[in-house]
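The structure appears right after this line, and notes come after that.
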Amino acid sequence: MRKPYPALVPMALAAALATGLCGPAIAQTAETQVHQISIAAQALGPALNELARQSGLQLLFPPELVAGKTALAVSGRFTTRQALDQLLAGSGLVARREGGAVMVRRAPQAASPTPAGDAAVELSTVTVLGSAPLDQGHAATTHTLQREDLERFPATSPGDLFKDIPGVTVANSRNGSSLDINIRGMQGFGRVKILVDGTESSGSTYKGYAGETTQSYVDPELLGEIKVEKGPNAGPYGAGVVGGVVSMSTLTADDLIGSGKAFGLRLRGTAVNHSSGTDTYSVLGPPASGSSDPADAITRDVSVPGRAWNGSLAGAWRLLDDKLEIVAGLSHRQSGNYVSGRRGDVTSRPVNLANTVRRVSLYEPGQTVYNTSQDTDSQLLKASLKLPGQQKVSVGYSRLQSEFGEARSAAFIDYITQLNLSSVDSELYTAQYAWTPAGNPWIDLRVNLWSAHSKGYQAADFRSPGLLHNATWTDTRGQGLEAWNTSVLGLPAGGDLTLKYGLTWLSEKAEVTPLDGGIYMDPGGDRSLNSTFVQADLQPVSWLLLNAGLRRERYEVKGDAEVSSGIPGQVVPLKIAHRQSRTNGSLGVTLQPRESLQFFARYSEGWRPPTAKETINSLIAASNPDRTMLKPEFTQNTEAGVRFELQDLWWPKDRFHAGLTFFDIATKDYIYGSAGEFRNADEARFRGKEFNLGYDSGAFFARYGLTRYDRVSFCDAGGTTAAPCIRMPHLFANDPSFVGYYVPPRSQESLTLGTRLLDRRLTLGLRMTGAKAYSKDGALVSGWDSYQIYDLFGSWRINKHLNVAFSVENLRDRFYMEASTSYLLAIPSPGRTAKATLTYTF
Numbered sequence: 087m088r089k090p091y092p093a094l095v096p097m098a099l100a101a102a103l104a105t106g107l108c109g110p111a112i113a114q115t116a117e118t119q120v121h122q123i124s125i126a127a128q129a130l131g132p133a134l135n136e137l138a139r140q141s142g143l144q145l146l147f148p149p150e151l152v153a154g155k156t157a158l159a160v161s162g163r164f165t166t167r168q169a170l171d172q173l174l175a176g177s178g179l180v181a182r183r184e185g186g187a188v189m190v191r192r193a194p195q196a197a198s199p200t201p202a203g204d205a206a207v208e209l210s211t212v213t214v215l216g217s218a219p220l221d222q223g224h225a226a227t228t229h230t231l232q233r234e235d236l237e238r239f240p241a242t243s244p245g246d247l248f249k250d251i252p253g254v255t256v257a258n259s260r261n262g263s264s265l266d267i268n269i270r271g272m273q274g275f276g277r278v279k280i281l282v283d284g285t286e287s288s289g290s291t292y293k294g295y296a297g298e299t300t301q302s303y304v305d306p307e308l309l310g311e312i313k314v315e316k317g318p319n320a321g322p323y324g325a326g327v328v329g330g331v332v333s334m335s336t337l338t339a340d341d342l343i344g345s346g347k348a349f350g351l352r353l354r355g356t357a358v359n360h361s362s363g364t365d366t367y368s369v370l371g372p373p374a375s376g377s378s379d380p381a382d383a384i385t386r387d388v389s390v391p392g393r394a395w396n397g398s399l400a401g402a403w404r405l406l407d408d409k410l411e412i413v414a415g416l417s418h419r420q421s422g423n424y425v426s427g428r429r430g431d432v433t434s435r436p437v438n439l440a441n442t443v444r445r446v447s448l449y450e451p452g453q454t455v456y457n458t459s460q461d462t463d464s465q466l467l468k469a470s471l472k473l474p475g476q477q478k479v480s481v482g483y484s485r486l487q488s489e490f491g492e493a494r495s496a497a498f499i500d501y502i503t504q505l506n507l508s509s510v511d512s513e514l515y516t517a518q519y520a521w522t523p524a525g526n527p528w529i530d531l532r533v534n535l536w537s538a539h540s541k542g543y544q545a546a547d548f549r550s551p552g553l554l555h556n557a558t559w560t561d562t563r564g565q566g567l568e569a570w571n572t573s574v575l576g577l578p579a580g581g582d583l584t585l586k587y588g589l590t591w592l593s594e595k596a597e598v599t600p601l602d603g604g605i606y607m608d609p610g611g612d613r614s615l616n617s618t619f620v621q622a623d624l625q626p627v628s629w630l631l632l633n634a635g636l637r638r639e640r641y642e643v644k645g646d647a648e649v650s651s652g653i654p655g656q657v658v659p660l661k662i663a664h665r666q667s668r669t670n671g672s673l674g675v676t677l678q679p680r681e682s683l684q685f686f687a688r689y690s691e692g693w694r695p696p697t698a699k700e701t702i703n704s705l706i707a708a709s710n711p712d713r714t715m716l717k718p719e720f721t722q723n724t725e726a727g728v729r730f731e732l733q734d735l736w737w738p739k740d741r742f743h744a745g746l747t748f749f750d751i752a753t754k755d756y757i758y759g760s761a762g763e764f765r766n767a768d769e770a771r772f773r774g775k776e777f778n779l780g781y782d783s784g785a786f787f788a789r790y791g792l793t794r795y796d797r798v799s800f801c802d803a804g805g806t807t808a809a810p811c812i813r814m815p816h817l818f819a820n821d822p823s824f825v826g827y828y829v830p831p832r833s834q835e836s837l838t839l840g841t842r843l844l845d846r847r848l849t850l851g852l853r854m855t856g857a858k859a860y861s862k863d864g865a866l867v868s869g870w871d872s873y874q875i876y877d878l879f880g881s882w883r884i885n886k887h888l889n890v891a892f893s894v895e896n897l898r899d900r901f902y903m904e905a906s907t908s909y910l911l912a913i914p915s916p917g918r919t920a921k922a923t924l925t926y927t928f
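In the numbering used here, the protein residues as written are 87 to 928.
Written as structure tokens, this is what we have:
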């Protein structure tokens with residue numbers, strides 16, 4: 087709470103009366119409970135407020151006491167007392183329990199006795215279940231990007247947000263304004279669940295001979311945090327997931343409101359120097375109204391932004407004695423077609439093991455890259471209300487409207503041109519309820535109800551000059567419910583058993599309308615998926631944590647289609663209705679012989695039923711005359727590793743961490759598509775290792791991440807491949823039977839070095855990101871070449887209201903294509919790009 091100090095005493099007395107005689111006991115319980123804490127490096131006041139919100143602890147302090155003080159990031163599983171100790175470290179402040187609340191005061195002098203009845207909060211030895219920088223728990227691998235990470239490099243494309251996370255790539259990151267995330271090789275059609283404030287909104291679209299692309303839309307300007315959890319998930323958001331869960335949270339009141347205030351405002355603008363400057367193109371557009379004949383297509387002018395800039399306004403209010411919080415935000419992002427790097431080589435070279443020779447890209451260094459513009463507007467409105475009995479109700483609404491360039495992958499095209507613009511209008515609605523009664527370890531109830539509606543226009547592509555195909559209008563609707571409770575049981579022999587259990591429900595419907603006479607590969611349909619789950623964490627002793635989980639899933643898919651009757655020009659209707667269920671499990675163990683050392687191992691199962699689109703397309707495909715139903719995918723994920731962390735290593739309160747993880751992901755009945763048809767492969771397998779380390783002393787910080795794949799293979803005994811199992815690098819990108827796969831790079835790495843100067847008001851740093859492509863005998867079998875890119879960044883906090891940040895990306899102005907760029911697209915990334923951001927907070 088952020089009121090003048092004299093008001094703290096009556097507030098503390100009121101809190102004690104409200105909790106009755108058990109108030110001190112409740113406060114003691116709140117201090118010793120283990121919570122998942124995630125607090126960004128920031129001013130001390132907002133950090134303490136965030137700790138109080140996440141832990142449920144009643145924490146009181148006068149604003150003037152914490153003014154000008156900062157706190158390092160705290161992220162992981164901690165007791166409230168340990169998290170509080172880390173936030174106050176080096177501040178000269180201590181926390182003391184007074185009645186039912188915890189007070190923050192100045193630390194007494196060493197020679198001064200502690201007054202009676204004013205005992206300091208004792209920070210007893212606890213077991214840290216996750217290291218703060220790594221954000222680990224439940225023997226799973228998770229990574230968190232907080233506001234400092236998100237704001238360091240304003241995103242040119244949404245995929246830029248994930249450059250620093252090991253094992254994560256974004257396929258065709260420069261094509262359109264959507265996200266198609268790959269986690270350890272798993273990607274597309276819901277294998278990776280993407281959530282915005284707990285709401286799922288994603289679809290897919292046919293991309294010609296390059297198969298299918300998953301589409302999820304988000305505005306980086308209004309995000310406050312991103313969390314990535316890898317592998318199948320036994321928790322509330324794990325239904326139908328085999329690759330992982332990406333949870334993105336929009337701005338909260340704590341992100342915007344400073345200590346001691348009831349209102350906060352953030353005004354931000356970013357200027358970008360990198361745009362071709364051309365804002366009007368003459369393109370071949372859809373036929374005039376009333377015609378579906380591609381020959382009737384007409385030429386028209388298409389306008390794209392001539393300058394690149396981002397701007398946002400966000401505000402938050404706390405009302406009714408901090409019981410009501412309101413957050414609102416507006417954002418506009420625009421950029422024209424960018425220019426590729428000027429240094430590089432696009433000389434023709436072999437692109438597969440058959441020595442087919444072609445150019446790496448049809449674009450030249452320093453050339454305008456068509457279909458890379460975007461013009462996006464976003465709105466955010468959400469509110470939360472605290473109710474009696476530690477209850478909280480939250481509602482939210484967000485909308486994203488975007489018009490953007492998007493190249494359509496199609497084989498055999500040997501020219502590049504500007505196309506008509508695609509567009510999307512996406513709306514998300516969410517309502518959440520939380521009940522966490524203080525001192526009651528049996529109840530931590532959460533309910534999340536959401537709805538998503540997305541309407542999109544996909545512009546037509548060319549097969550040859552003058553011929554359009556595959557323009558579509560898509561209407562996608564989804565609704566979902568997740569409800570779960572967490573209970574903590576003390577065991578007679580000591581230790582705790584934590585149970586998380588609940589149910590989920592998901593319904594999605596897609597309607598696709600072709601807008602021209604071209605090939606049509608996007609039928610609509612309905613799918614529902616529901617599940618019940620239980621997840622158990624057992625900690626019998628301080629150095630051992632055991633995890634187990636079970637999920638029972640059931641899906642049903644319905645749809646209508648037409649198939650050929652065998653008589654030319656005649657079709658017959660095909661009605662589809664299919665359902666199936668399965669139980670999946672997970673097991674994990676974490677050993678912590680020392681507070682700084684942790685070993686872990688985990689086995690988890692995932693199950694992904696085919697979408698309505700995959701099901702319908704497979705049944706109507708000419709290659710499936712027997713109408714054989716697609717099988718659901720079944721994934722077995724195994725990972726094991728070690729994490730290490732030291733504090734006070736070279737300087738007081740510095741922190742060093744390192745981690746090594748081995749993973750092996752085997753997916754049976756892997757579903758893939760080529761030219762709009764889908765079938766089951768026997769298996770897809772991704773095996774590799776991840777290494778990451780970091781150091782932060784306050785004045786200096788460094789972070790390094792590396793992912794290397796030891797095996798990437800696909801087995802398809804009943805398909806069109808020449809061998810039952812094909813393994814990279816023998817699996818090459820332009821094999822039509824594998825063109826639907828998005829193969830991850832052979833290795834990827836990132837390195838960030840930075841320093842904080844002038845009482846941490848000035849930050850300067852350098853980042854390197856790179857990836858190694860598959861190649862064999864001189865053939866570029868990945869479709870893109872290996873690269874290393876260097877970026878500069880910095881920020882200067884002029885005063886408590888004004889901050890200036892800058893970045894120079896692709897410092898060496900290199901011509902390159904990012905990992906997981908389709909060889910059929912071959913879209914180069916932007917050349918040297920300078921950005922300047924001015925942020926005003928009040």
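Heads up, the beta-carbon is just placed ideally off N, CA and C, and yes, glycines get one too.
Apart from the 5 residues on each side of it in sequence, L850 sits with its Cβ closer than 6 Å to the Cβ of T841, G880 in its chain, given in chain order. Under the three-state reduction of DSSP output, R233 falls in the helix class. Taking the C-beta atoms as reference points, G774 is found no nearer than 7 Å to L746. Linking Q621 to G525 through their CA atoms gives a straight-line distance of about 22 Å. Note on the stretch 471 to 515: whole beta strand (DSSP E) runs with a minimum of 3 residues are 477 to 490, in chain order.
Secondary structure note for E681: it is in no beta strand (DSSP E), with a DSSP letter that is neither H nor E. By the 16-neighbour rule on beta-carbons within 10 angstroms, I312 is buried. S690 is positioned such that its CB atom lies no closer than 7 Å to that of F490.
In terms of Cβ geometry, S459 and N423 form a close pair [threshold 7 Å]. Here Q666 has Y641, P695, P718 as same chain residues with Cβ atoms under 7 Å from its own Cβ, once five neighbours each way along the sequence are excluded. Between the stretch 909 to 923 and the stretch 240 to 247 there are three or more C-beta pairs closer than 8 Å, enough to call the two in contact. The Cβ atoms of F686 and T676 lie closer than 7 Å to each other.
Taking every protein chain shown into account, the CB of K316 has 16 or more other CB atoms within 10 angstroms, so this residue is buried. A distance of 7 Å or more separates the beta carbons of A744 and F764. With respect to the 7 Å criterion, T462 and R393 are not classified as neighbours on the basis of their beta carbons. Under the DSSP assignment, Q172 falls in the alpha helix (DSSP H) whose first and last residues are 166 to 174. Counted as a single uninterrupted DSSP element, the beta strand (DSSP E) harbouring I280 occupies residues 278 to 282. Judged by their CB atoms, L837 and Y790 are nearer to each other than the 7 Å cut-off.
Secondary structure at E450: coil, using DSSP grouped into helix, strand and coil. The continuous stretches of alpha helix (DSSP H) do not include R419, which lies in the beta strand (DSSP E) extending over residues 410 to 421.
A Cβ-Cβ contact shorter than 7 Å links L342 with A402. Beta-carbon to beta-carbon, R771 and R797 are separated by about 6 Å, close enough to satisfy the 8 Å threshold.
For P132, the enclosing alpha helix (DSSP H) starts and ends at 130 to 141. The beta-carbon separation of S573 and W521, rounded to 13 Å, does not stay under the 8 Å limit for a contact. Cβ neighbours of T855 within its own chain (closer than 6 Å, five residues either side excluded): K249, S836, I875.
Considering only V627, L567, G580, the residue with the shortest C-alpha distance to N616 is L567. According to the DSSP secondary-structure assignment, R354 is paired through a beta bridge with S398, T925.
Ranked by how close their Cα comes to the Cα of D877, the residues R898, Y860, D340 have R898 in first place. DSSP places S799 in the strand class (E or B) of the three-state scheme. Note on geometry: alpha-carbon atoms of T927 and R883 lie some 11 Å from one another.
Here E411 is buried. Its C-beta has 16 or more other C-beta atoms within 10 Å. Using a Cβ-Cβ distance cut-off of 8 Å, the stretch 261 to 280 and the stretch 324 to 339 are in contact, since at least three pairs of beta carbons, one from each stretch, lie closer than that value. Between the C-alpha atoms of K886 and W536 there is a straight-line separation of about 37 Å. Ranked by how close their Cα comes to the Cα of G310, the residues V282, G321, T300, S302 have V282 in first place. Selection W629, P132, V894 evaluated against R853 yields V894 as nearest (Cα-Cα).
Burial of R167 is indicated by the presence of at least 16 other C-beta atoms within 10 angstroms of its C-beta.
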